[in-house]
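>
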Amino acid sequence: MEYKKINLFGKKESRGTFDDFYSTEKYKSLKDAYNANDYVECDFVQDENGTIHIEAKNVKTPNIKKYHRLNYQNCPCGIDVLDDSLACEMASTLL
Numbered sequence: 003m004e005y006k007k008i009n010l011f012g013k014k015e016s017r018g019t020f021d022d023f024y025s026t027e028k029y030k031s032l033k034d035a036y037n038a039n040d041y042v043e044c045d046f047v048q049d050e051n052g053t054i055h056i057e058a059k060n061v062k063t064p065n066i067k068k069y070h071r072l073n074y075q076n077c078p079c080g081i082d083v084l085d086d087s088l089a090c091e092m093a094s095t096l097l
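For my numbering, count along the sequence shown from 1 and bump the result up by 2.
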């Protein structure tokens, strides 16, 4: 299936359109992880049917990706708390 990166909530400070994650055991800050190119980038993506997912990939191994389909596809005020926590768990498995 093909996925297209989207900005669901506009521009953020992170490189990913959802968020970026890093190991706090290895790095003191996200900036340090960016400099080492060792972090997980999570993006909002839309598949060819218009369904929105969160895609997680470690930038060191960008071919390995994990996806989570959002529970609520209409997100005017933010995403569901369960979606948020599942995306964080998914990202942590890729660190």
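All C-beta atoms, glycine included, are put in the ideal place defined by N, C-alpha and C.
Hey, D85 and N76: beta-carbon distance below 8 Å or not?
No, these two residues do not count as a Cβ contact at 8 Å.
> Hey, does P78 have any beta-carbon neighbour from chain C nearer than 8 Å?
Of the chains in the structure shown, none is chain C; there is only one protein chain.
> Taking all protein chains shown into account, do 16 or more other C-beta atoms lie within 10 angstroms of the C-beta of K59, making it buried, or fewer, making it exposed?
It counts as buried.
> Please tell me whether Y69 and H55 are closer than 8 Å, where the distance is taken between their beta carbons.
Taking 8 Å as the Cβ cut-off, Y69 and H55 qualify as a contacting pair.
> Using only the alpha-carbon positions, how far apart do E50 and K6 sit?
Distance between the alpha carbons of E50 and K6 is about 8 Å.
> Can you check whether the CB of S16 is closer than 8 Å to the CB of D22?
Yes.
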